[in-house]
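In the numbering used here, the protein residues as written are 43 to 182. Idealized CB from N, CA, C, for every residue including glycine. None of these values were measured; they are calculated from a predicted model.
As structure tokens, this is what we get:
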């Protein structure tokens, strides 16, 4: 199933597509690393695209950033069946180092849905950030 993405520069347009929740995987022992670094990200790309000052997210959800260049980001749900709007799907720590042009993200917590049976996989979260970073790198 493919979802329509309205804003390509929006984190939740990548992270919370319809497939994000409809094709969640069962928790398993095999998972990807929970820490990821993105290099060659300048201050403009970070402030205007990755962490935009005003963003209402997508139809599926949004991201709340806490902190200036370091803190946490909460990926929140919107318009998903059997999940209340504003429910935190995942929490990540982030650190942006402008002088080194490096953004480091670490998945700290993922909410389990459906009585603890399913949650978003690390891979789904990283695919969302990969897509966002790819779009943001197009900014000068």
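Put residue 87 into one of helix, strand or coil per three-state DSSP.
-> helix
Measure the C-alpha to C-alpha separation of residue 100 and residue 142 and round it to an integer number of angstroms.
-> 30 Å
Give every residue of the same chain whose Cβ lies closer than 6 Å to the Cβ of residue 145, excluding the five residues on either side of it in the sequence, and list them in chain order.
-> 80, 83 and 138
Nearest to residue 113 by alpha carbon, out of 136, 182 and 89?
-> 136
Can you tell me whether residue 118 is buried or exposed, with buried defined as 16 or more other CB within 10 angstroms of its CB?
-> buried
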